[in-house]
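What follows is a set of notes on a single structure, which appears directly below.
Numbering (our numbering), first residue to last: 380 to 674.
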């Protein structure tokens with residue numbers, strides 16, 4: 380996108396997020412939580428017809444860790460049947476390997492506002508050929524929706540995703556009902572801007588899906604709309620600058636230590652659908668054109 384197109388796209392995305400409406404959605408979702416999931420979905424789909432798109436802004440210093448899968452059979456069981464695990468890496472030039480990625484970030488959107496830790500299996504959709512981020516678990520301090528559980532409230536007893544003036548990135552998130560906890564400090568001062576693997580970060584974000592208990596078998600993968608140039612580079616954090624106190628969200632099918640760590644030191648502006656719906660985007664050219672149409 381040209382510079383002025385991008386700036387207008389960013390403004391339009393931010394203007395889709397109105398705190399008063401986010402608060403109203405939060406209250407409405409608390410009522411929907413009490414209903415059967417199928418009824419929740421019918422109500423949500425009807426509402427999405429009136430307003431199909433939402434702004435989704437990931438705030439600066441989102442943080443990602445990549446772990447190598449060591450038990451392929453256990454990992455594959457968490458995927459919908461049309462997916463197969465394929466090797467990848469977060470950064471260009473790193474040896475690809477079957478991967479689980481953890482993302483920790485603060486986000487404000489048209490329908491929720493807070494922090495999230497998400498666990499993804501990276502797999503290829505055998506029907507479309509698209510590399511995909513498959514969300515298999517998450518913790519959040521705000522309201523959420525996924526096809527398997529429907530609307531759910533905050534799941535955390537503690538949720539800290541922030542930075543210090545000394546250059547520390549601090550994550551300390553704990554599930555209230557689960558045994559999940561991730562606590563780490565990353566010194567990001569020594570991070571270097573490094574090219575990202577484009578298939579993972581561009582193509583992969585055109586096909587985001589749910590697995591494990593979050594999948595219902597009926598929903599479609601959804602896409603994020605953004606300027607593909609936004610995924611050109613990120614800070615690659617040296618692993619020696621990373622202190623992980625606890626990480627129980629990762630599961631038992633990966634190596635105990637990450638093989639890559641990365642951070643985006645800028646806000647990322649996405650538009651997506653209010654309900655999981657595919658947009659037919661296949662590549663960076665399709666993606667850029669879609670972003671221009673929203674600018």
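Backbone N, C-alpha and C fix where the C-beta goes; we use that ideal spot for every residue, glycine too.
Whether residue i touches residue j by CB criterion (9 Å)
i           : j           : result
residue 575 : residue 621 : no
residue 509 : residue 590 : no
residue 681 : residue 443 : The structure shown has nothing for residue 681, since the chain only spans 380 to 674.
residue 529 : residue 416 : yes
residue 494 : residue 552 : yes
residue 628 : residue 516 : yes
residue 632 : residue 453 : yes
residue 438 : residue 670 : no
residue 464 : residue 422 : no
residue 586 : residue 659 : no
residue 496 : residue 559 : yes
residue 541 : residue 601 : no
residue 593 : residue 525 : yes
residue 567 : residue 440 : yes
residue 412 : residue 531 : yes
residue 492 : residue 398 : yes
residue 387 : residue 674 : yes
N-terminal and C-terminal residue of the beta strand (DSSP E) that residue i is part of
i           : result
residue 658 : Residue 658 -> no beta strand (DSSP E), and no H or E assigned at all.
residue 463 : 462–464
residue 639 : 639–643
residue 675 : In the structure as shown, the chain begins at 380 and stops at 674. Residue 675 is therefore absent and cannot be evaluated.
Nearest candidate by alpha-carbon position, reference residue i, set the options
i           : options            : result
residue 408 : 523, 461, 672, 431 : 523
residue 450 : 487, 476, 398, 587 : 476
residue 755 : 438, 445, 446, 404 : The chain is shown from 380 up to 674; residue 755 falls before or after that span and cannot be answered.
residue 503 : 609, 394, 382, 461 : 461
residue 637 : 645, 626, 646, 647 : 626
residue 466 : 487, 478, 646, 380 : 478
residue 520 : 549, 512, 554      : 554
residue 565 : 505, 652, 483      : 483
residue 507 : 588, 617, 388      : 588
residue 570 : 414, 481, 617, 386 : 617
residue 401 : 390, 422, 434, 385 : 434
residue 527 : 598, 440, 543, 580 : 598
residue 666 : 603, 389, 399      : 603
residue 664 : 608, 674, 537      : 608
residue 561 : 538, 547, 567      : 538
residue 480 : 514, 531, 387, 505 : 514
residue 468 : 420, 499, 382      : 499
Own chain partners of residue i with C-beta closer than 6 Å, once the 5 adjacent residues on each side are dropped
i           : result
residue 613 : 575, 641, 643
residue 545 : none
residue 610 : 575, 580, 581
Chain-order list of residues whose beta-carbon lies under 7 Å from that of residue i (same chain, five-residue window excluded)
i           : result
residue 634 : 446, 447, 449
residue 654 : 423, 424, 427
Boundaries (first-last residue) of the alpha helix (DSSP H) holding residue i
i           : result
residue 671 : 663–672
residue 392 : 382–394
residue 409 : 398–411
Cβ neighbours of residue i in the same chain (closer than 8 Å, five flanking residues each side left out)
i           : result
residue 556 : 534
residue 436 : 392, 393, 396, 486, 487, 488, 646, 647, 648, 649
residue 470 : 573, 574, 575, 576, 613, 615, 639, 641
Neighbour flag for residue i against chain D, beta carbons, 9 Å
i           : result
residue 556 : Annotation note: the requested chain D is absent from the structure, which comprises a single protein chain.
Next on the checklist: For a minimum of 3 consecutive residues, which ranges assigned as the beta strand (DSSP E) are wholly contained in the stretch 549–624?
Outcome noted: 560–566, 571–574, 587–589, 612–615
Checklist entry - What are the complete alpha helix (DSSP H) segments, minimum 4 residues, inside the stretch 426–457? => result 451–455
Checklist entry - Whole beta strand (DSSP E) runs in the stretch 483–555 with 3 or more residues, listed along the chain? => result 492–504, 510–519, 523–525, 529–531, 535–542, 547–554
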